[in-house]
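Numbering (the numbering used here), first residue to last: 793 to 1098. Structure record follows, encoded as structure tokens.
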């Protein structure tokens, strides 16, 4: 009886997977180079302000702002914060910006819900009117608003001047009025992309209009509300025109006016002014970082829909 010894031969090694090399298209490189150039162009003033705020004025006046640093410190930031009294002006800005953003988003979402989710006659015309309000230059109605606010009475606990003029209410009202149209336009178009079946199911379950708006539609609009909230806070926070026109009391002015306290009568230390500008810009940067995820989602949501 013969036995055949089967010699086990090792299996041949599997061929190494071919390395897939993506061909870099010249057009793609050009797009990235263009985006980087534009980003650096937008960041250049901010980076230059930060760089100047860390250097003494004598050094930059002697060697120029684009020279290599010989001494860096945070002394200008401490001086800018204390000399300008920014704490008081920050509070004034929050008194204007926070209620302004909340009231604008609430009213805009309510109007947008009525225009986009409820079947109303003339809804498109109303949406066009809200959008057309943004085309009106703000400077055109400065004088009429100044006259009107001086004649609108308010109780003493709302305004020291007993009128709408020289009060936070005037600035908040103008901010809400001018920003409302843009927010209605954005939210109405966003709400139209939401599935109609959700509201139909809610109506079958007995949900009223308020429940459809507050419990169903608003949670779905969180990305759009976050994106609009970030933009609105930035615009209202950085605004200086309306507060300058409608507020005469220097103690009520927003933080953008605090930078004027850093300018001397005969001499201005621009490095100190740069430090103050960086401090003023920090809150908007913090708000953007906190809402960054929702902000980007609100901008890109619906980009892949046909």
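Where a beta carbon is used, it is the ideal one built from N, C-alpha and C, also for glycine. Bear in mind the structure is a predicted one, so any value in this text is a computation, not a measurement.
- Around residue 942, the same chain offers 955 and 957 as residues with beta carbons nearer than 7 Å, after the five sequence neighbours per side are excluded.
- Assignment of alpha helix (DSSP H) within the region 838-882, counting only whole runs of 4 or more residues, yields 849-855 and 867-875 in chain order.
- Boundaries of the alpha helix (DSSP H) around residue 1069: 1062-1082.
- DSSP places residue 891 in the helix class (H, G or I) of the three-state scheme.
- With respect to the 7 Å criterion, residue 1067 and residue 845 are classified as neighbours on the basis of their beta carbons.
- Setting aside the 5 residues that flank it on each side, residue 888 is surrounded in the same chain by 960, 963, 964, 967, 1028, 1035 and 1046, each with a C-beta closer than 8 Å to its C-beta; the list follows chain order.
- Judged by DSSP secondary structure, residue 1015 falls within the alpha helix (DSSP H) whose first and last residues are 1014-1030.
- With respect to the 7 Å criterion, residue 1069 and residue 841 are classified as neighbours on the basis of their beta carbons.
- Judged by DSSP secondary structure, residue 923 falls within the alpha helix (DSSP H) whose first and last residues are 915-924.
- Rounded to whole angstroms, the gap between the alpha carbons of residue 1053 and residue 882 is 14 Å.
- In the structure shown, residue 818 adopts helical secondary structure according to DSSP, grouped into three states.
- Here residue 985 carries a coil assignment [DSSP, helix/strand/coil].
- Note: residue 945 is bridge-paired with 955 in the DSSP secondary-structure output.
- Taking 7 Å as the cut-off, the beta carbon of residue 1020 is found no closer than this to the beta carbon of residue 868.
- The distance from the Cβ of residue 1083 to that of residue 1018 is about 5 Å, consistent with a contact at the 8 Å cut-off.
- Considering only 1048, 1023 and 998, the residue with the shortest C-alpha distance to residue 893 is 1023.
- Distances from the alpha-carbon of residue 1044 to those of 853, 872 and 880 put 880 closest.
- In the structure shown, residue 1043 falls within a helical segment according to DSSP collapsed to helix, strand and coil.
- Rounded to the nearest whole angstrom, the C-alpha separation of residue 1087 and residue 854 is 43 Å.
- Boundaries of the alpha helix (DSSP H) around residue 1033: 1033-1038.
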